[in-house]
Amino acid sequence: MAWIILLASAVLEAVWATALGRSNGFSELGPTLVFIVAIIGSMAGLGVALKSIPIGTAYAIWTGIGAALTVIYGMATGDESVSALKVLCIVGIVGATVGLKLVPSGEPKGSERSGSSTTSSTPTTSGPSRPR
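Numbering-wise, our numbering puts 30 at position 35 of the sequence shown, and it's gapless, one number per residue.
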(Lines of atoms letter the chains of each structure in order from A and count residues from 1; the text may use other names and numbers.)
(Lines give C-alpha, C1' and ligand atoms only; values in the text may rest on other atoms or scores of the structure.)
Protein backbone atom coordinates (compact mmCIF):
# COMPACT_ATOMS: atom_id res chain seq x y z
CA MET A 1 0.00 0.00 0.00
CA ALA A 2 2.90 2.37 0.74
CA TRP A 3 4.07 2.13 -2.89
CA ILE A 4 0.62 3.09 -4.20
CA ILE A 5 0.54 6.06 -1.83
CA LEU A 6 4.04 7.04 -2.95
CA LEU A 7 3.04 6.92 -6.63
CA ALA A 8 -0.11 8.96 -5.95
CA SER A 9 2.06 11.47 -4.09
CA ALA A 10 4.41 11.66 -7.08
CA VAL A 11 1.47 12.41 -9.36
CA LEU A 12 0.40 15.15 -6.95
CA GLU A 13 3.95 16.50 -7.05
CA ALA A 14 3.59 16.94 -10.82
CA VAL A 15 0.21 18.60 -10.25
CA TRP A 16 1.54 21.12 -7.74
CA ALA A 17 4.63 21.87 -9.82
CA THR A 18 2.49 22.52 -12.88
CA ALA A 19 0.01 24.59 -10.88
CA LEU A 20 2.89 26.60 -9.43
CA GLY A 21 4.07 27.42 -12.94
CA ARG A 22 0.58 28.45 -13.99
CA SER A 23 -0.14 30.51 -10.85
CA ASN A 24 1.78 33.53 -12.18
CA GLY A 25 3.55 34.11 -8.89
CA PHE A 26 0.44 33.09 -6.89
CA SER A 27 -1.58 35.87 -8.52
CA GLU A 28 -3.99 33.46 -10.27
CA LEU A 29 -6.51 32.08 -7.77
CA GLY A 30 -7.38 28.77 -9.50
CA PRO A 31 -3.85 27.47 -10.01
CA THR A 32 -2.84 28.75 -6.57
CA LEU A 33 -5.62 26.75 -4.90
CA VAL A 34 -4.70 23.66 -6.92
CA PHE A 35 -1.07 24.17 -5.86
CA ILE A 36 -2.00 24.38 -2.15
CA VAL A 37 -4.24 21.30 -2.18
CA ALA A 38 -1.81 19.24 -4.29
CA ILE A 39 1.28 20.10 -2.24
CA ILE A 40 -0.46 19.23 1.02
CA GLY A 41 -1.65 15.92 -0.41
CA SER A 42 1.72 15.19 -1.96
CA MET A 43 3.69 15.85 1.22
CA ALA A 44 1.19 13.99 3.39
CA GLY A 45 1.34 10.96 1.11
CA LEU A 46 5.12 11.04 1.03
CA GLY A 47 5.14 11.17 4.83
CA VAL A 48 2.86 8.15 5.08
CA ALA A 49 4.92 6.20 2.53
CA LEU A 50 8.09 6.91 4.51
CA LYS A 51 6.77 4.74 7.32
CA SER A 52 7.49 1.71 5.12
CA ILE A 53 9.93 2.83 2.43
CA PRO A 54 13.47 4.13 3.11
CA ILE A 55 13.81 7.91 2.64
CA GLY A 56 16.44 7.72 -0.10
CA THR A 57 14.41 5.35 -2.24
CA ALA A 58 11.08 7.06 -1.59
CA TYR A 59 12.39 10.57 -2.24
CA ALA A 60 14.19 9.54 -5.43
CA ILE A 61 11.05 7.88 -6.77
CA TRP A 62 8.80 10.76 -5.66
CA THR A 63 10.93 13.42 -7.33
CA GLY A 64 11.79 11.32 -10.37
CA ILE A 65 8.22 10.40 -11.25
CA GLY A 66 7.00 13.90 -10.42
CA ALA A 67 9.65 15.51 -12.62
CA ALA A 68 9.04 13.10 -15.49
CA LEU A 69 5.27 13.68 -15.36
CA THR A 70 5.75 17.44 -15.21
CA VAL A 71 7.92 17.40 -18.35
CA ILE A 72 5.54 15.00 -20.12
CA TYR A 73 2.61 17.29 -19.32
CA GLY A 74 4.57 20.29 -20.56
CA MET A 75 5.39 18.53 -23.82
CA ALA A 76 1.77 17.38 -24.25
CA THR A 77 0.45 20.93 -23.79
CA GLY A 78 3.12 22.55 -25.94
CA ASP A 79 4.75 24.41 -23.06
CA GLU A 80 7.91 22.29 -23.52
CA SER A 81 9.60 21.38 -26.76
CA VAL A 82 9.74 17.71 -27.70
CA SER A 83 12.98 16.07 -28.75
CA ALA A 84 14.31 12.56 -28.95
CA LEU A 85 16.93 13.40 -26.32
CA LYS A 86 14.29 14.69 -23.87
CA VAL A 87 12.21 11.57 -24.36
CA LEU A 88 15.30 9.41 -23.83
CA CYS A 89 16.09 11.27 -20.60
CA ILE A 90 12.52 10.82 -19.34
CA VAL A 91 12.72 7.10 -20.13
CA GLY A 92 15.97 7.03 -18.15
CA ILE A 93 14.37 8.74 -15.15
CA VAL A 94 11.41 6.37 -15.17
CA GLY A 95 13.69 3.38 -15.68
CA ALA A 96 15.87 4.41 -12.77
CA THR A 97 12.88 4.84 -10.45
CA VAL A 98 11.48 1.45 -11.47
CA GLY A 99 14.93 0.01 -10.82
CA LEU A 100 14.93 1.40 -7.29
CA LYS A 101 11.66 -0.42 -6.64
CA LEU A 102 12.93 -3.68 -8.11
CA VAL A 103 16.29 -3.76 -6.31
CA PRO A 104 16.02 -5.99 -3.26
CA SER A 105 16.19 -4.02 -0.05
CA GLY A 106 18.50 -5.62 2.46
CA GLU A 107 19.12 -4.53 5.99
CA PRO A 108 20.91 -1.16 6.18
CA LYS A 109 24.48 -1.29 7.45
CA GLY A 110 24.62 -1.22 11.21
CA SER A 111 20.88 -1.72 11.64
CA GLU A 112 21.35 -5.02 13.44
CA ARG A 113 23.82 -5.53 16.21
CA SER A 114 24.68 -9.03 17.28
CA GLY A 115 22.53 -9.01 20.37
CA SER A 116 24.45 -6.23 22.04
CA SER A 117 22.65 -3.11 23.14
CA THR A 118 25.74 -1.33 24.38
CA THR A 119 27.69 1.10 22.29
CA SER A 120 31.34 0.65 21.49
CA SER A 121 33.89 2.94 23.03
CA THR A 122 36.08 2.60 19.94
CA PRO A 123 36.09 5.77 17.85
CA THR A 124 34.58 5.38 14.37
CA THR A 125 36.92 7.86 12.70
CA SER A 126 40.59 7.52 12.08
CA GLY A 127 43.16 10.21 12.67
CA PRO A 128 43.12 13.08 15.12
CA SER A 129 39.83 14.40 16.36
CA ARG A 130 38.77 17.84 15.23
CA PRO A 131 37.20 20.46 17.49
CA ARG A 132 33.58 21.23 16.69
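From the three backbone atoms N, C-alpha and C, an ideal C-beta is built for every residue, glycine too.
Report all residues from its chain with a CB closer than 6 Å to the CB of residue i; omit the five preceding and five following residues, and keep chain order.
i: ILE0; result: GLY40, VAL43, ALA44
Considering only the alpha carbon of each residue, which of the options lies closest to residue i?
i: MET38; options: LEU80, VAL10, THR27, VAL77; result: VAL10
i: GLY101; options: ILE85, MET(-4), PRO49; result: PRO49
i: ILE34; options: VAL86, ALA5, ILE67; result: ALA5
i: LEU2; options: SER22, ALA55, TYR68, GLU75; result: ALA55
i: GLY16; options: MET(-4), GLY51, VAL32, GLY69; result: GLY69
Could you tell me the distance, in whole angstroms, from the CA atom of residue i to the CA atom of residue j?
i: VAL93; j: LYS46; result: 20 Å
i: GLY73; j: PRO99; result: 39 Å
i: SER116; j: ALA53; result: With a pLDDT of 47 at SER116, under the threshold of 50, the modelled position of this residue cannot be trusted; read the value that follows with caution. Looking at the two C-alpha atoms, the distance is approximately 34 Å.
i: LYS96; j: TRP57; result: 12 Å
i: LEU64; j: LEU24; result: 23 Å
i: GLY20; j: ALA14; result: 10 Å
i: VAL66; j: LEU83; result: 12 Å
i: VAL86; j: ALA71; result: 16 Å
i: SER76; j: ILE88; result: 18 Å
If you drop the 5 nearest sequence neighbours on each side, which residues of the same chain put their C-beta closer than 7 Å to that of residue i?
i: SER18; result: PRO26, THR27, PHE30
i: ALA91; result: GLY59
i: GLY61; result: ALA5, GLU8, ALA9, ALA12
In chain order, what residues of the same chain have a beta carbon less than 8 Å from the beta carbon of residue i, not counting five sequence neighbours either side?
i: TRP(-2); result: ALA44, ILE48, LYS96
4-residue-minimum alpha helix (DSSP H) runs that sit fully inside the segment 30 to 79, ordered along the chain: 50 to 72
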